[in-house]
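**Q** Under the numbering used here, the first residue of the sequence shown is numbered 1, with each subsequent residue one higher.
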Amino acid sequence: MNNNFATWFILIAVLILAIVGAVFIAFASKRSPKLKVEKFRARWLAIENSLDKESAPSWQLAILNADKLVDKALRDSRYKGETMGERMKAAGKVWSNANHIWGAHKIRNHIAHEADVKINYDIARRALAAYKQALKDLGAI
1 MNNNFATWFI LIAVLILAIV GAVFIAFASK RSPKLKVEKF RARWLAIENS LDKESAPSWQ
61 LAILNADKLV DKALRDSRYK GETMGERMKA AGKVWSNANH IWGAHKIRNH IAHEADVKIN
121 YDIARRALAA YKQALKDLGA I
């Protein structure tokens with residue numbers, strides 16, 4: 001009888017530990033992974049340095065690259081969505097100024113989808129400032 005009780009006790013203890021372990025793993029996997037900050041910083045500096053006040057094509061390219069970098073940070077942080085817009089919505093509470101990042105993303109969409117887009121240096125600078133803040137909000141830089 002004493003041996004039977006010990007066996008049941010051990011089985012119940014193992015079952016409880018397995019359940020606690022499964023719950024821990026489930027919660028740990030839902031947490032956002034730590035982003036590789038140094039890689040994001042290096043890529044961000046390259047984007048900032050590519051912006052040339054005298055070269056209009058550099059303005060558009062910098063915006064496109066900044067948008068891609070923010071999307072990578074969103075994906076690496078495991079925000080769900082088929083498109084960057086969906087991932088940005090999923091991260092909604094993270095943004096310190098959602099209107100700025102959405103505005104920058106809309107400028108990117110104009111550049112990517114329209115043939116004769118005209119932007120000036122100041123618009124490019126403001127868009128890059130919004131992307132930089134978005135990367136800070138995500139903990140990428």
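Where is the CB? At the ideal position from N, CA and C, for every residue including glycine.
I want to know whether the segment 64-71 touches the segment 107-117 - three or more CB-CB distances under 8 Å.
**A** With a cut-off of 8 Å, the segment 107-117 and the segment 64-71 count as touching, because enough Cβ pairs lie within range.
**Q** Could you tell me which of Tyr79, Leu138, Ala6 sits nearest to Val94, measuring between CA atoms?
**A** Minimum Cα distance to Val94 is reached at Leu138.
**Q** How big is the Cα-Cα spacing for Trp8 and Ala18?
**A** The alpha-carbon atoms of Trp8 and Ala18 are separated by roughly 15 Å.
**Q** Take Asp52 as the anchor and find which of Asp122, Ile141, Lys136 has the nearest alpha-carbon.
**A** If we check each option's Cα against that of Asp52, Asp122 comes out closest.
**Q** Taking a contact to mean a Cβ-Cβ separation below 8 Å, would you say Phe5 touches Ile141 in this structure?
**A** No, these two residues do not count as a Cβ contact at 8 Å.
**Q** Got a sec? Which residues, its chain only, sit under 7 Å from Val37 by beta carbon, not counting five neighbours each side?
**A** Only Ala140, Ile141 meet the Cβ criterion.
**Q** If you count every other CB in all the chains shown that lies within 10 Å of the CB of Leu181, and 16 or more means buried, which is it?
**A** This structure leaves residue 181 out entirely; the chain is present only between 1 and 141.
**Q** Nearest by alpha-carbon distance to Leu135: which of Asp116, Ile10, Ala42 is it?
**A** Per the Cα distances, Ala42.
**Q** Can you tell which of Val70, Lys89, Gln60 has its C-alpha closest to the C-alpha of Ile119?
**A** Minimum Cα distance to Ile119 is reached at Gln60.
**Q** My output table needs one value for Thr83: the three-state DSSP class, helix, strand or coil.
**A** It is coil, neither helix nor strand.
**Q** Assign Arg80 to buried or exposed, taking buried as 16 or more other Cβ atoms, counted over all protein chains shown, within 10 Å of its Cβ.
**A** The sequence shown places Lys at residue 80, rather than the Arg named in the question. Classification for Lys80: exposed.
**Q** Which of the three DSSP states, helix, strand or coil, is assigned to Pro57?
**A** If DSSP states are grouped into helix, strand and coil, Pro57 belongs with the helices.
**Q** For Arg75, is the classification buried or exposed, using 16 other Cβ atoms within 10 angstroms of its Cβ as the cut-off for buried?
**A** By the 10 Å Cβ count, Arg75 comes out exposed.
**Q** Skipping 5 residues on each side, what residues in its chain have a beta carbon closer than 6 Å to that of Ser87?
**A** Correcting the residue type first, residue 87 is Arg in the shown sequence and not Ser. Correct list, in chain order: Leu74, Tyr79, Gly81.
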